[in-house]
Amino acid sequence: DSYIHKFGGQHLTDHISTKAQDAVYYELSLLAGIASTLDPQHKASEVEQLLGLVSYVTSPIQRGIYIKQIGHELSIDEEILHGELRRIKGATKASPNRPKSVSALTKPYSSRKTRPQQYLEDLYLNLALRELNLIRILVEHGHRPYDDERSVTHFVLDSLADEDLQTPLHQRIFARLREGSVQSEKLIHDSDIEIAQHCTSIYLSEYSAVQNYESLSLEGWRKRSGPIVGIDQTYKSDVDREIQWFEWELHQQLEFEWEMRYKDAVLSEEETLKMLALKQKINALKVKTSNPLGICVRRI
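Each residue of the sequence shown is one higher than the one before, counting from 91 in the working numbering.
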């Protein structure tokens, strides 16, 4: 308002038209500058918000250009980014559960044999993204009915164990939900400040993505008079899809860790029991995710 009073409305319009920066490249430049200092959870959250900006670009060619640049700047495989973008856009009509989509997300890196440590870090990043999606689901839809007997929260808790989560903060959230000390829709007001801030950030990320994108364009500036609404009307399919993806990413990580730790190793009796338990869990996860995702099961 003070700018308009001082320079006039036309001057503001001209300034926005000539000085506005590309929203995606601007956010990418900021993220690229700090990416090396972020832990996997924080980096995954920032990448998801950046892809939220890309999801509002209507041109598929321009989206592809953005994805290519994001992958290059942040050293993330483009197929993972495309898969995450499909989830954000909710492209259910494009058959996101087809094998092609699965391949893009679950075998994204050719560095599995040549750079095993990098590959493992990539797997951790994938799983961190999936964890964020699960928390988002709990915050947004946890209170809604999943079936006649369970809410979305109870279904998610029944489907996953706390130890399946890699992030201690997410484990604490699951533990509090299990013990009944907080309801999913109240997580953003939780007495645990860290949980409240984290869940609030996730809940607002989709809305802030819209606001950030619109604030850097003239047309968006003209539209800012009304509220931004983004409620997912297909929450059950969202829940099912994210559970399946999380379990798939989890068994990818566990399988790779199993190969690195146990394959061709000479084990004690105690280590053998641990190895067999891990193998059983991996195979169980494969069976659970193979049919819905159209993947051929290879037992180890």
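In this text, a Cβ means the ideal position worked out from N, Cα and C, and glycines have one as well.
DSSP on residue i, reduced to helix/strand/coil?
{"i": "Ser-135", "result": "helix"}
{"i": "Lys-313", "result": "The predicted model places Lys-313 with a pLDDT of 40, which falls under 50 and marks its position as unreliable; any figure quoted below should be read in that light. Three-state DSSP puts Lys-313 in a helix."}
{"i": "Ser-119", "result": "helix"}
{"i": "Ser-241", "result": "strand"}
What does the Cβ neighbour count give for residue i, buried or exposed, with the cut at 16 atoms within 10 Å?
{"i": "Arg-240", "result": "exposed"}
{"i": "Ala-354", "result": "According to the sequence displayed, residue 354 carries Asp and not Ala. Exposed is the call here."}
{"i": "Gln-131", "result": "buried"}
{"i": "Lys-376", "result": "buried"}
{"i": "Thr-257", "result": "buried"}
{"i": "Gly-142", "result": "buried"}
{"i": "Leu-363", "result": "exposed"}
{"i": "Glu-253", "result": "exposed"}
{"i": "His-162", "result": "exposed"}
Please identify the residue among the options whose C-alpha is closest to the C-alpha of residue i.
{"i": "Leu-250", "options": "Gly-154, Gln-273, Ile-225", "result": "Ile-225"}
{"i": "Leu-140", "options": "Leu-128, Glu-174, Ser-149", "result": "Glu-174"}
{"i": "Val-242", "options": "Pro-258, Glu-275, Ala-122", "result": "Glu-275"}
{"i": "Asn-223", "options": "Glu-136, Ser-165, Glu-253, His-162", "result": "Glu-136"}
{"i": "Leu-247", "options": "Leu-259, Asp-238, His-260, Phe-264", "result": "Phe-264"}
{"i": "Met-350", "options": "Glu-359, Glu-360, Met-365", "result": "Met-365"}
{"i": "Phe-245", "options": "Lys-326, Ile-283, Thr-290", "result": "Lys-326"}
{"i": "Leu-217", "options": "His-162, Glu-359, His-260", "result": "His-260"}
{"i": "Ile-166", "options": "Cys-289, Tyr-116, Gln-208, Ala-367", "result": "Gln-208"}
I believe residue i touches residue j by the beta-carbon criterion, under 8 Å. Please report the beta-carbon distance rounded to the nearest angstrom.
{"i": "Arg-220", "j": "Trp-335", "result": "6 Å"}
{"i": "Ile-292", "j": "Val-229", "result": "6 Å"}
{"i": "Ser-126", "j": "Lys-179", "result": "Between Lys-179 and Ser-126 the Cβ distance is about 29 Å, and since that is not below 8 Å, they are no contact."}
{"i": "Leu-118", "j": "Ile-157", "result": "So it is not a contact: roughly 11 Å between Cβ atoms."}
{"i": "Asp-328", "j": "Ile-227", "result": "6 Å"}
{"i": "Leu-121", "j": "Leu-164", "result": "7 Å"}
{"i": "Arg-262", "j": "Ile-285", "result": "7 Å"}
- Looking at C-beta atoms only, is the number of pairs between the stretch 328 to 345 and the stretch 210 to 222 that lie closer than 8 Å three or more? yes
Three CB pairs or more closer than 8 Å across the stretch 141 to 154 and the stretch 229 to 247
no
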